[in-house]
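Asks: The sequence shown begins at 515 in the working numbering and counts up by one. C-beta: ideal position from N, C-alpha, C; glycine also.
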Amino acid sequence: MKSKLLDIFRRRHACHLFQADRLLAPDDLNFILEAGRLSPSSFGLEQWKFVVFTDSAAKLAVQDACFQQPQVGTASAVVVILAKLAELHPDSDYLQRLMGREYPGDALDAALKNYRNFHAATDVKAWSDNQCHIAAANMMTAAAAIDIDSCAIGGFDPSSVIRILQIDPDYHHPSLILTFGYRAQEPGEKLRLPMQELVEFR
Ligand SMILES: Cc1cc2nc3c(=O)[nH]c(=O)nc-3n(C[C@H](O)[C@H](O)[C@H](O)COP(=O)(O)O)c2cc1C
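#1: In this structure, how does DSSP classify R697 when only helix, strand and coil are distinguished?
#2: Check each candidate in V675, S674, C646 and A658 and name the one with the smallest Cα separation from C529.
#3: Kindly indicate which three-state DSSP category I595 falls into: helix, strand or coil?
#4: Measuring from the CB of H506, is there a heavy atom of ligand 1 at a distance below 7 angstroms?
#5: Going along the chain, which residues put their C-beta within less than 5 angstroms of some heavy atom in ligand 1?
#6: With C-beta atoms as the reference, is M684 less than 8 angstroms away from A600?
#7: Express the C-alpha separation of F694 and L679 in angstroms, rounding to a whole number.
#8: Out of L692, E703 and L712, point me to the one whose CA is closest to Q583's CA.
#9: Identify whether D541 lies in helix, strand or coil by the three-state DSSP scheme.
#10: Label A656 either buried or exposed according to how many other C-beta atoms from any shown protein chain fall within 10 Å of its C-beta, with 16 as the threshold for buried.
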């Protein structure tokens, strides 16, 4: 199991060009999205929303917003991860519903009080964004596990993405774009710092 999992992490790489005519099976795309859905999130608030594009014209429009990075237009599926904003306000219906689910019965009042203090003291956009990145990592690992390549795209113009998706910026913030498909070229060497430079046991 350990070596299988490490092979998956080694296989996953930032794919810079996909075979445009090789499409993901719908079941595989659903598997990847399910890995995102099952991801952990702060307070269990599922701060993400996944907007999926498979249509060629739509993918090219998103590519425009990504400074023409070709792994967007050639991908079989492009998933724009939106970070929730207004829904995370302590008084929103969404927040009340999800906190009620996470903290049922008598635990809810104290949890809401705690959350209200946290929300007031937090950079909500950055916090929401961070949760989306956890889901993104899980989706890319899940894809690699079934031999599907991916690239995370943080290089995009948020205002263009907001315009293309016609989203309300008070409601959602484009967090990260994920592209999925089959590689058109072999990846280069995996570049990572050695363990001893990254890990300190105290
Ligand atoms: C949050 C995030 C944003 C990224 N944005 C881009 C991007 O816009 N374009 C790109 O080609 N790669 C992007 N990458 C991929 C990284 O460049 C890549 O993961 C890193 O160089 C390590 O290489 P590897 O993934 O092949 O191991 C991004 C990765 C992350 C995690």
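Replies: Per the coordinate set shown:
#1: Along the sequence shown, one-based indexing puts residue 697 at 183. Correct three-state label for R697: strand.
#2: Indexing the sequence shown from 1 puts residue 529 at position 15. Considering only alpha carbons, the answer is A658.
#3: In the sequence shown, the residue the question calls residue 595 occupies position 81. Looking at I595 - three-state DSSP - the assignment turns out to be strand.
#4: With the chain represented from 515 up to 716, any question about residue 506 goes unanswered, as that position is not in the structure.
#5: H527, A528, A666, I667, G668 and G669
#6: Taking the sequence shown and counting its residues from 1, one reaches residue 684 at position 170. Taking the sequence shown and counting its residues from 1, one reaches residue 600 at position 86. Per the sequence presented here, residue 684 reads as Asp, with Met not at that position. Result yes, Cβ atoms of D684 and A600 sit closer than 8 angstroms.
#7: Within the sequence shown, numbered from 1, the residue matching residue 679 stands at position 165. Within the sequence shown, numbered from 1, the residue matching residue 694 stands at position 180. Looking at the two C-alpha atoms, the distance is approximately 19 angstroms.
#8: The count along the sequence shown starts at 1 and reaches residue 583 at position 69. It is L692 whose Cα lies nearest to the Cα of Q583.
#9: For the purposes of this step, residue 541 is identified with residue 27 of the sequence shown, where counting begins at 1. D541: helix per DSSP, three-state reduction.
#10: Indexing the sequence shown from 1 puts residue 656 at position 142. Counting Cβ neighbours within 10 Å, A656 comes out buried, since at least 16 surround it.
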